[in-house]
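Quick notes on the structure that follows.
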Amino acid sequence: MDENISLSTTGALNTSAIAIGVKSIHEDKLLLEYAYTPDEKYRDPRGMQKVDSDTVFRLASLSKVFTMLAVLQQNGTIGLEDPITKFVPELKDLHKQAREDTPIWTVDWERITIGALASHLGGIGADLPTDIAEVADFEEYGFPPRNDSRLLHCSGFFGQPECDRSVFFARFGERPPVQLPFSPNTVYSNIGFALLGFAVESVTQKHFVDYLDDEIWGPLGMTHTFATKPDDDSLLYIPRDDIWWNATLGFESPAGAYYSSINDLHKFGDALLQHRLLDDTATRKWLKPVTETSSSGQLIGQPWEIFRTQNVTVDGRLIEFYTKGGDIKTYHSILALIPDYDLVASVLISGAATSGYDVLLIFSQLAQALLPAIEKAGKEENEVVFVGTYTDEATNSTISFSIDDAPGLNIATWVVRGVDVLTTAGGLDLPPVFPPPVTNPVRFRLYPTTVKTDRQSSWRAMPSGASAEETAAFDSQFVWAMASCSTWAAQDRVVYMLQSYDHFVFTLDEEGKKATNVELVGYGVTLTRQD
């Protein structure tokens, strides 16, 4: 990782500030902390002169995670299936501004829900204040001459005042829809998150920034997080000759105006994965994809940009990164949650030579460098906690678990009441086959579930009868990838007296560091670990 970062900072990024953090929610300190300060000729003297994990950067669209959390905290008042017009009824009148009152030119606001806006499925335009006609006459590019009566006369940058809420309701109706609501094609929209901010203001009767201060940033101790540029410029990294460090976004602020630091982002990420911002069910619900994108490797949540990979760990299993990135010209950011490992990662960069792909590349390098080592450490821990042989002499039952490169635990031996489950499991079907047919051993793996207490954890066993070569041959027959991977539909299928044969419950010792027994729930036996 150090080598990769060094290569970056000797190339195009050597003129840019970089701050990186990786943290486990189970540790107090960052696992990885990196900061790079460019030469002073690239730094504005008003800003931070030595970059560290408390240095403030613009977040741009990463700001959206705070806006969405504010919406989710109104559970019971704001529902994801509620139309946005329930909270912002003024939208119903925007059709009067449209060129024609037809679907081509008019947004059907009544059909756009809170959830649609949160996942970029509203089909509405991306922005309002970024209209390029506000900056110059673009006739040389083929556009018609500017008509002063059609200009907004606001933007928040290039010396113009910011566009406020009144400008939105006076002019956005002139913008036609990009897609219909819930269309197959996702349309990224900052306007959608401005409207979510309006909705929160409507039900809380608070200015949106006051809500964030009172309910999110303040309680988490995020003292280096701001709705606008900090009063003390020296807290903020500012590239020399930059015009974006203090640009304001007006009514679009909930979509991308906020500022923060590595340490503050980790306070937020920790609290989220520890269920301190929402309860555990609401958190799991939030960390889910909602729709797809034009990329097969990226899904969209609310507002998560979810990347999926199979090439990071030795076992090639599917891992999801719940990220939110942000870009505003010279500032780029990403916050990434990796629930499989209870990790939070963040990258903040700023400089004239930077782009949004730089933070994605740095995060990708982080994942490639860290996750294999963390996976290895996790396997070593599981070996201590769970691996071994468990027996019950009274029922002539034995089971043993081992660790290898594949996910979960390998079930090496599985005998219950003298019956070898590995060689007879193929006969577990309806109608039943008696006596149980003896076949080649079926390979079983044991996987943890999300169901657990301080001293017990629930696991499920899954058969994996085919070899890698057989699986590849089977999958090659289908036009979609991983056709053979249907474990999601195979759990809890074989049930005997209302209990599943694939259900295992480990009980740990009083310190919670080592399993003492395992219950085979469907078989009604509990086996004791043999040291």
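Residue 1396, in the working numbering, is where the sequence shown stops; the numbers in between run on with no holes.
Glycine residues also receive a C-beta, built at the ideal position from the N, C-alpha and C atoms.
Helix, strand or coil at residue i [DSSP, three-state]
i, result
"residue 843", "Summary: the structure shown does not reach residue 843, with the chain confined to residues 866 through 1396, and so no result is reported for it."
"residue 1349", "coil"
"residue 1327", "strand"
"residue 1082", "helix"
"residue 1370", "strand"
"residue 1185", "strand"
"residue 912", "coil"
"residue 1142", "coil"
"residue 922", "strand"
"residue 1021", "coil"
"residue 1365", "strand"
"residue 1382", "strand"
"residue 1425", "Outside the displayed range of the chain (866 to 1396) lies residue 1425, so it cannot be described from this structure."
"residue 1230", "helix"
"residue 894", "coil"
"residue 1377", "coil"
"residue 976", "helix"
"residue 1221", "helix"
"residue 1393", "strand"
"residue 948", "strand"
"residue 1137", "helix"
"residue 1177", "coil"
"residue 935", "helix"
"residue 943", "coil"
"residue 983", "helix"
"residue 954", "helix"
"residue 1030", "helix"
"residue 1247", "helix"
"residue 1011", "coil"
"residue 1298", "coil"
"residue 1290", "helix"
"residue 963", "coil"
"residue 1303", "coil"
Supposed close pair residue i, residue j - CB separation, criterion 8 Å
i, j, result
"residue 1076", "residue 935", "6 Å"
"residue 907", "residue 1243", "With 8 Å as the limit, residue 907 and residue 1243 do not qualify as a contact, their Cβ atoms being about 40 Å apart."
"residue 998", "residue 1016", "6 Å"
"residue 900", "residue 1196", "About 16 Å separates the two Cβ atoms, so there is no contact after all."
"residue 922", "residue 1213", "4 Å"
"residue 1370", "residue 1321", "6 Å"
"residue 1045", "residue 988", "5 Å"
"residue 1219", "residue 993", "Actually they are not in contact, since the Cβ atoms of residue 1219 and residue 993 sit about 26 Å apart, beyond 8 Å."
"residue 1166", "residue 1153", "6 Å"
"residue 1367", "residue 1271", "With a Cβ gap of about 17 Å, residue 1367 and residue 1271 do not count as contacting."
"residue 1117", "residue 1050", "In fact, because the Cβ distance is near 22 Å, the residues do not count as touching under 8 Å."
"residue 1204", "residue 1138", "7 Å"
"residue 1207", "residue 890", "5 Å"
"residue 949", "residue 1064", "7 Å"
Residues that residue i bridges to, as DSSP identifies them
i, result
"residue 1279", "1264"
"residue 1317", "1322"
"residue 1241", "Per DSSP, none; premise fails for residue 1241."
"residue 1197", "1192 and 1214"
"residue 1285", "1280"
"residue 1170", "1165 and 1188"
"residue 889", "1208"
"residue 1335", "None, per the DSSP bridge assignment."
"residue 1253", "1266"
"residue 1274", "1311"
"residue 1156", "1165"
"residue 1360", "1365"
"residue 1202", "1187 and 1209"
"residue 884", "900 and 1213"
Residue i: CB within 7 Å of a non-hydrogen atom of the ligand PLP
i, result
"residue 1264", "With respect to the ligand PLP, the structure offers nothing, as it holds no ligand at all."
**Prompt:** Within the chosen definition, does the region 1255 to 1270 reach the region 1380 to 1393 through at least 3 CB pairs nearer than 8 Å?
**Reply:** Judged by Cβ distances under 8 Å, the region 1255 to 1270 makes contact with the region 1380 to 1393, as three or more pairs qualify.
**Message:** Could you check whether the region 921 to 939 touches the region 1181 to 1190, counting it as contact only if at least three pairs of C-beta atoms, one from each stretch, sit closer than 8 Å?
**Reply:** Yes, since at least three Cβ pairs between the region 921 to 939 and the region 1181 to 1190 fall closer than 8 Å, the two stretches touch.
**Message:** If contact is defined by three or more beta carbon pairs under 8 Å, each pair taking one atom from either stretch, is the region 1336 to 1355 in contact with the region 1287 to 1297?
**Reply:** Between the region 1287 to 1297 and the region 1336 to 1355, the count of C-beta pairs closer than 8 Å stays below three; the two stretches do not touch.
**Request:** Please confirm if the region 1169 to 1185 is in contact with the region 1080 to 1089, defined as three or more CB-CB distances below 8 Å between the two stretches.
**Result:** With a cut-off of 8 Å, the region 1080 to 1089 and the region 1169 to 1185 do not count as touching, because too few Cβ pairs lie within range.
**Prompt:** Do the region 1108 to 1128 and the region 879 to 895 meet, that is, are 3 or more Cβ pairs less than 8 Å apart?
**Reply:** The way I'd put it, the region 1108 to 1128 does touch the region 879 to 895; three or more beta-carbon pairs between them come closer than 8 Å.
**Item:** Length at least 4, wholly inside the region 1032 to 1089: the alpha helix (DSSP H) runs in chain order
**Value:** Counting whole runs of 4 or more residues, the region 1032 to 1089 contains the alpha helix (DSSP H) stretches 1055 to 1069 and 1073 to 1077.
**Asked** Which runs of the alpha helix (DSSP H) spanning at least 4 residues fall entirely within the region 1081 to 1133, listed in chain order?
**Response** Those alpha helix (DSSP H) runs which fall completely within the region 1081 to 1133 and span 4+ residues are 1118 to 1121.
**Message:** Under 8 Å: do the region 1353 to 1364 and the region 1222 to 1235 share three or more Cβ pairs, one atom per stretch?
**Reply:** Short answer: they don't touch.
**Asked** For the 8 Å Cβ check, are there 3 or more pairs between the region 1091 to 1101 and the region 1116 to 1125?
**Response** Flag = yes, the region 1091 to 1101 and the region 1116 to 1125 touch.
**Request:** Could you tell me whether the region 954 to 972 touches the region 1005 to 1020, where touching means 3 or more Cβ pairs closer than 8 Å?
**Result:** They do not touch, by the three-pair rule.
**Request:** Mind the definition here: the region 1300 to 1312 touches the region 1333 to 1344 only if three or more C-beta pairs lie below 8 Å; say whether that holds.
**Result:** With a cut-off of 8 Å, the region 1333 to 1344 and the region 1300 to 1312 do not count as touching, because too few Cβ pairs lie within range.
**Request:** Check whether the region 973 to 984 touches the region 1095 to 1115, counting contact only when three or more Cβ pairs, one atom from each stretch, lie closer than 8 Å.
**Result:** Here the region 973 to 984 makes no contact with the region 1095 to 1115; the two share fewer than three CB pairs at distances below 8 Å.
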